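Heads up: the structure comes next, in C-alpha cells.
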Amino acid sequence: MKVVREVPRGEVLALDYALVADYLTRFIREELAWRGFSRALVAVSGGVDSATTLALAARALGAENVHAVALPHRESSPESLEHAGLVAEAFGVGLEVIDITDMVEGYARLRPEMTPYRKGNVKARARMVVLYDLSMAYHALPLGTGNKTERLFGYFTWHGDDAPPVNPLGDLYKTQVWGLAEYLGVPEVIVKKAPTADLEPGQTDEADLGLSYRRADVILEHYLKGYPDDYLVRLGYSPKEIQRVKALVNSTHHKRHLPTVAVLSTTAINEFYLRPLDFRMDER
Amino acid sequence: MVSHAILQLKPAKGRLEANFARLEAALAELREARPEVVVLPEAYPTGYFLQGGVRELALTVDELEDRLNELYRRVWEGPLDLVIGFYERDGGAYYNTAAYFELGGRGLLHRHRKVFLPTYGVFDEERYLSRGHEVRAFDTRFGKAAMLICEDFWHTLTSTLAALDGAEVIYVPAASPARGFGGRVPANVGRWRDLARSVAAEHGVYVVLSSLVGFEAGKGLSGGSLVASPEGTLLVEGPLFEEALVLAELDLDRIPPVRYDNPMLSDLKSGLPLLWNDLERILEGL
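Protein sequences appear in the order of chains A and B.
According to my numbering, the first sequence is numbered sequentially starting from 429.
According to my numbering, the second sequence is numbered sequentially starting from -2.
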C-alpha cells in the first residue's frame, strides 16, 4: 500500500526573507514619513545588525537619503572600521567617521578608577549623543540596529544602543538577521564573522553570553511561546542552556521598558492613560 | 451585476479631517468606474490602534452620516451605497461598528457592532469597547447583505448565521496586523484567503473583505482586500501593504444556480434543528 508521510517542517525560525525585506522597507518609509523625516541615519559598527539596517534603509529611502556614520574609539578593533567602510560601499552610502576617543577619554580622565566594563557603557552612550546631534544637523532620523536576541538578553547599553526611535530589526532573532543579511547582499565576511560589541578588546557576544546564538534563538522562541523546559530538552537542549536563557531574559525586563514612575492617580501615564505612540488628533 | 469598489486605504492616525478628505479624493477618482457600492475597512476614519483615544475620536452614527453626506454631495451624483468601519460613540458606550449607508437615498440601512472583540496578543479591544450582540441580514437596494467585522469573520459561525438569515453578500471591514513571515505571504493573509473562500463556497455567498493598510507604531496592517465568489474562488485581490482601489462586479444572479449545484445552505436549514439538542447541551456545559 502507498505510504504517505508528513513532510518534515522547516526550521522554526526560517522566514521568507524577500517578504521580510519588503515589509521592513515599507516600515522604515512609513515610520519616518509620519514623523516628518525622509532621511535616516545609521551608526555602522562593521557588524551584521547595522549592515542589515543600512541595507534596508538604502532600499527604503534611496542611498542618497541615508547617512552612515562610524564612531570608533582608539580601543576599537581596526577591523570594525574597515568593515564599516565595506558595508557603506556595498550599499552606495557615504560614510562619515567621527572618532569618539576625546569625548570618552575626556570624562574617563575624571574617573581614574573606571573599569573597562564601565568605559564600554560610556562609549555606547557617547555614540548615542553623537547620533542624536547628527540627527538634528542632517534632519535624519536615527535607526536602531538592536536585534530581538540581544534585546531579550538585555545585552545592550541601556539608553545607548536602544535609544533610536525606530528599529527595523528588533523583532528578528540574530539567526534571522543573518538570513536577512544574506538575502540583502551584506558582504559575506560580515555575515560570517563572530559577533562582537567591540566595547572591550577581544570581546565576542557568544563568549559574554555563554551561549551560541543559533541555539539560544531556538530556546528563546520556544520559551516565549510557552513551551515547557522538557519540550526543549527533548529537542536536544541542555537544562543548563535553558536556564541560562531564562535567567538572562528574566533579569532584564526593566531594560525593555521606560523608567518606573510612582503611580498615584487614575491618569498615570502608560498605566491608566494609554495612547499609542503614533496617536494624533486634528489640529484645530 | 452590482459594481463594487473596495477602498483599501491607509488612514492617518487620529486625523479625522484628513481621512475624510482622503475618502473624498478616492471617490472622485472612482467617478469614471461608477461603483454602486464602496466598501471601506475597519476603523477607517481614525486608524485601528487607538487605545484610550477611542473616547476622544469616536463618532456617533449621525455625526458619521453627516460627514459622509457632506463629501458625497461634493463628488457624486446619484445614489451610492457605502460600507464603513468606525469607532462609534453611543451615550457612554463605545463600539467597533460597521455601518451601511445608502447615500443620496435612504441613509443608514444597518449598523453592525463587532461581537468578537479581540483581546489577546497585540489586541486589546475589550479594554476600551463594548461588544455588540447580534448578527443580522438586512435589505439593500440590490438584495440581502450582512456585515461582520474582522474577528467576527474568523468564527465561521457568524457567517453561518448571516447566510441562514438570508445574506447573499457578506461585507467584512477588517484591520489585520501582519504576523507570521515564514511563507510567501504573512500567515494572517493566508488565513483570510482560506476563510473567505471556504465561507463563500459553504453558503453560496459573496464575501467582500476590505482590509486596512499602513504601519501603526510598528504593526503593519496587511491589506489584501478581496472578493470571493459563491463558488469559493477569489475574483480579485488587492495588494499587500499599500493603498489600492479594488474593483469587482458581483453577479447576484449566479447565487441560485450555484446553490442548486451545491445545496449546503438548504441542507443546513434542514439539518440544523436535528443538532439543536447538542447545541443546547454544549452551551449549558460552557
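Each residue gets a CB set at the ideal place from its N, CA and C atoms; glycine is no exception.
Remember, predicted model here, so these are calculated numbers, not experimental data.
Item: Neighbourhood of Trp73/B by C-beta, 8 angstroms cutoff - its chain only, sequence neighbours within 5 removed; Value: Leu24, Arg28, Leu100, Gly101
Item: Under the three-state DSSP convention, the category Arg190/B falls into; Value: helix
Item: Unbroken stretches of the alpha helix (DSSP H), 4 residues or longer, contained in the segment 610 to 646 of chain A; Value: 616 to 620, 633 to 637
Item: Complete beta strand (DSSP E) runs within the segment 125 to 183 of chain B (minimum length 3 residues, chain order); Value: 141 to 144, 166 to 171
Item: Identity of the residue in Gly221/B, Pro183/B, Asp87/B nearest Leu6/B by Cα; Value: Gly221/B
Item: Inter-stretch contact (C-beta, 8 angstroms, three-pair minimum) for the segment 679 to 687 of chain A and the segment 469 to 486 of chain A; Value: no
Item: Beta-carbon proximity list for His152/B, same chain, < 7 angstroms, skipping 5 on both sides; Value: Phe113
Item: Cutoff 8 angstroms: Leu13/B Cβ touching any chain E Cβ; Value: The chain inventory of the structure shown lacks chain E, comprising the protein chains A and B.
Item: Distance between Leu276/B and Gly282/B (C-alpha atoms, nearest Å); Value: 10 angstroms
Item: Amino acids of chain B, ordered along the chain, whose beta-carbon sits closer than 7 angstroms to that of Asp444/A; Value: Phe178, Gly179, Gly180, Arg181
Item: Beta-carbon proximity check, Leu639/A vs Val673/A, cutoff 8 angstroms; Value: yes
Item: Spatially closest choice to Ala160/B from Val205/B, Ala134/B, Ala30/B, by CA coordinates; Value: Ala134/B
Item: Candidates Val494/A, His495/A, Leu509/A: closest to His501/A by CA position; Value: Leu509/A
Item: Reduced DSSP category for Glu510/A - H, G, I as helix; E, B as strand; rest coil; Value: helix
Item: Cβ distance (whole Å) where Ser504/A is taken to contact Asp626/A below 8 angstroms; Value: 6 angstroms
Item: Selection of the segment 29 to 62 of chain B by Cβ proximity to chain A, strictly under 9 angstroms; Value: Gly44, Phe46, Leu47, Gln48, Gly49, Gly50, Glu53, Leu54
Item: Beta carbon proximity, Phe238/B to chain A, threshold 8 angstroms; Value: yes
Item: Distance, Met564/A Cα to Gly104/B Cα; Value: 51 angstroms
Item: Residue from Ile252/B, Gly211/B, Ala197/B, Gly163/B with nearest C-alpha to Pro236/B; Value: Gly211/B
Item: Check whether Leu608/A and Val472/A have beta carbons under 8 angstroms apart; Value: no
Item: Local conformation of His107/B per DSSP, three classes; Value: strand
Item: Neighbour flag for Glu458/A against chain B, beta carbons, 8 angstroms; Value: yes
Item: Validate contact between the segment 582 to 600 of chain A and the segment 554 to 574 of chain A using beta carbons, cut 8 angstroms, 3 pairs; Value: yes
Item: Contact set between Glu213/B and chain A, taken where Cβ atoms lie within less than 8 angstroms; Value: Pro704, Asp706
Item: Buried/exposed call for Arg110/B, threshold 16 Cβ in 10 Å; Value: buried
Item: Contact set for Arg467/A: own chain, Cβ-Cβ below 6 angstroms, skip 5 residues either direction; Value: Asn493, Ala568
Item: Cα-Cα separation between Leu249/B and Phe581/A, rounded to whole angstroms; Value: 57 angstroms
Item: Reference Val521/A, options Asp706/A, Glu533/A, Ala485/A, Arg537/A, closest by Cα; Value: Ala485/A
Item: Same chain, Cβ closer than 7 angstroms to Gly187/B, neighbours up to 5 away in sequence not counted; Value: Gly180
Item: Ile618/A beta carbon less than 8 angstroms from that of Leu452/A; Value: no
Item: Supposed contact pair Leu571/A and Val594/A - C-beta distance, whole angstroms, cut 8 angstroms; Value: 6 angstroms
Item: Beta-ladder partner(s) of Glu213/B, from DSSP; Value: Lys216/B
Item: Status (buried if at least 16 other CB within 10 Å, exposed otherwise) for Asp63/B; Value: exposed
Item: Alpha helix (DSSP H) runs wholly inside the segment 508 to 595 of chain A, at least 4 long, in chain order; Value: 529 to 536, 544 to 566, 576 to 581
Item: Under the three-state DSSP convention, the category Gly221/B falls into; Value: coil
Item: Proximal residues, the segment 224 to 236 of chain B versus chain A, C-beta separation under 7 angstroms; Value: none
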